[in-house]
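Remarks on the structure that follows.
Residue numbers (my numbering): 753 to 1397.
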């Protein structure tokens, strides 16, 4: 069977989760770590084999387009003649690409964690959770149907909860994990409703049928409506809400910055290759339905992405915790991908936005993983997350400094680093589709360059005479080798010919630089870097003077424009006090009172009649005699009435 080995890619992390979770406590920590890392290395090799075989050997069909392949597929649960839940593995361009991304980044995180997490209590537990997280995301991307995706989607949520709350003795970590879990579960409720509505009209969960260009259900789903909006539009909007929750789009973005309470390598996995890109993958997987069935929903998706991108970039400029800067950076970059899908059409060059979104997902995974792992090396060296506690580290951490600089240049979109190529394609797609969305992304590009080099200068330069209680030093090889590998990928991954591999219709098209857009994007990035250089390369009073002039903006950005407070107001004042308390009062004083009254009447009646169950034969005989006499009297009365008639 072709691609039969792909089952190992999915099964191995599940097996490692069980082994490390159940038996890890009996192993030495290093044994558990090496075992988990070796299994991930095997999976990575198999993923690269799959990618090579699919893209360069047998993936294209007779039409020249890449076709879907299902090496495994079986029925699990049947509901009706047509509606059933299957399990299996589906390989197509985006799922194969995701296999490569997930296993590569996860392998780097596994290797890095051998050094970063050394000596931590729960080391084996940590590696078992990493395996569960990897298994969940791999199962999600190769799902053959939307319900299988939903199962693994929820498993991703459980995995993230486990990793964010890894330091469960810290109240902040527990609170962050609960926040992430509750916010994403709320969004996932809409996802489930969308699945049910979609399957009601389509009579299937299968992706192949749902995304077929001549899907027969589109007409009936578009014909039915509620509040003047078609059932299909409701379904696809609800499904996107689930994706917006996972990918931290406004207004569900509030959980992601707090998720930094987990171990830093786990943050790299969540931000770069797994949880937050799930929403992007979901829209890409159902893209034919969005573009042909509900283009108005696709437009809304584009606007949500663009606004989120600018918002997150502005907030990142005011953060002082280096992991929170990177968290808002992730929100902004994921929003780039979402916007790119929102401005895409179908087929050939019209699908540029789709290709660019997947391209940016690919390149972003490497430089964002590098940024987080670099941040981990910095925190490991100075024992603090705050930029105020850093400065002048370029000599003390030379490998971390160079690789972090490469990642900053990549995310800023500087030629020829990987981020330049993918971001340029997104800007080109937005420019030709909607000038407002292009303006949002263009402003976001300048802000990205500014806040990333604000971060870079404050860590590695700025206060070059900083005194540290413990002399910072470069991390061990297990931490620096992944940085070097990811640094190389951050430079060269942009040269992958994505337009020949991943397109809306599976057919290659020729993508090329739009020089005015490319030059302007480089110019705005250089402008952002230049402003950051003037303000933060050396310690000056310029930042303080600037903040004093725009204090209202800085204060709002540093407090995330009070979105957390708004959510607390909605949940506590409106939902809890305005809705939940009245319902609770009704439950206690009406429902409970009614049930208590029934119990009281029943008990009282029982007390009155229980004497009939005395066990005395004379009493039973008397009752029988009285009953018989009453029956005879009734019979006689009825007989007389009948005769009189």
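Here a beta-carbon is modelled for each residue, glycine too, at the ideal position from N, C-alpha and C.
Note that this is a predicted model, so its numbers are computed, not measured.
With DSSP as the reference, please indicate the residues paired to residue i in a beta bridge.
i: residue 837; result: 829
i: residue 982; result: 977
i: residue 821; result: 843
i: residue 1214; result: 1290
i: residue 958; result: 897
i: residue 1073; result: 1138
Return helix, strand or coil for residue i, following the three-state DSSP convention.
i: residue 1362; result: helix
i: residue 1111; result: helix
i: residue 1138; result: strand
i: residue 877; result: helix
i: residue 812; result: strand
i: residue 1005; result: coil
i: residue 1026; result: coil
i: residue 1249; result: coil
i: residue 870; result: coil
i: residue 1335; result: helix
i: residue 1232; result: helix
i: residue 1100; result: helix
i: residue 964; result: coil
i: residue 1015; result: coil
i: residue 918; result: coil
i: residue 779; result: coil
i: residue 1254; result: coil
i: residue 1425; result: The displayed coordinates of the chain run from 753 to 1397. Any statement about residue 1425 would go beyond what the structure contains.
i: residue 1297; result: helix
i: residue 1081; result: helix
i: residue 756; result: coil
i: residue 1046; result: coil
i: residue 859; result: helix
i: residue 908; result: helix
i: residue 1144; result: coil
i: residue 1153; result: helix
i: residue 1368; result: coil
i: residue 1381; result: helix
i: residue 1061; result: helix
Considering only residues of the same chain and omitting the five flanking positions on each side of residue i, which have a CB-CB separation below 7 Å?
i: residue 1195; result: 1062
i: residue 1140; result: 1072
i: residue 1004; result: 935, 939, 996, 997
i: residue 812; result: 818
i: residue 1284; result: 1202, 1205, 1206, 1209
i: residue 825; result: 838, 840, 896
i: residue 827; result: 836, 838
i: residue 1406; result: Not covered by the structure: residue 1406. The range shown for the chain is 753 to 1397.
Identify, in the order they occur along the chain, each residue of the same chain with its Cβ nearer than 8 Å to the Cβ of residue i, setting aside the five sequence neighbours on each side.
i: residue 1160; result: 1123, 1204, 1205, 1207, 1208
i: residue 863; result: 789, 1230, 1233, 1234
i: residue 1211; result: 1074, 1130, 1139, 1142, 1143, 1145, 1156
i: residue 1126; result: 1152, 1155, 1156, 1159, 1235
i: residue 1035; result: 992, 995, 1042, 1053, 1090, 1093
i: residue 1288; result: 1205, 1206, 1209, 1210, 1213, 1214, 1295
What residues in its chain sit with their C-beta under 6 Å from that of residue i, if we drop five residues either side in the sequence?
i: residue 1079; result: 1008, 1009, 1012
i: residue 915; result: 881, 1014, 1018
i: residue 1175; result: 1165
i: residue 1077; result: 1068, 1071, 1207
i: residue 1170; result: 1115, 1162, 1242, 1245, 1246
i: residue 1270; result: 1176
i: residue 754; result: none
Do the region 764-774 and the region 878-889 touch if we need at least three Cβ pairs shorter than 8 Å? yes
Meets three-Cβ-pair contact criterion under 8 Å: the region 1121-1132 and the region 1027-1038: no
Do three or more CB pairs link the region 1064-1071 to the region 1300-1317 at distances below 8 Å? yes
Count the CB pairs spanning the region 865-880 and the region 1214-1233 that are closer than 8 Å, and state whether there are at least three. yes
Quick test of the definition: if touching needs 3 or more C-beta pairs under 8 Å, does the region 980-991 touch the region 933-945? yes
Spell out a yes or no on whether the region 1145-1152 and the region 1250-1267 are touching, meaning 3 or more CB-CB pairs, one atom from each, closer than 8 Å. no
Please determine if the region 1074-1091 and the region 1016-1025 are in contact, where contact requires at least 3 C-beta pairs separated by less than 8 Å. yes
Which ranges would you report for the alpha helix (DSSP H) in the region 1166-1228 if only whole runs of at least 4 residues count? 1170-1185, 1187-1212
At a cut of 8 Å, does the region 918-925 reach the region 798-806 through at least three beta carbon pairs? no
Given 8 Å, three or more beta-carbon pairs between the region 957-964 and the region 893-901: yes
Check whether the region 1339-1358 and the region 1106-1114 are in contact - that is, three or more C-beta pairs closer than 8 Å. no
Pairs of beta-carbons, one from the region 1089-1100 and one from the region 1186-1201, closer than 8 Å: are there three or more? yes
For the 8 Å Cβ check, are there 3 or more pairs between the region 834-850 and the region 1217-1224? no
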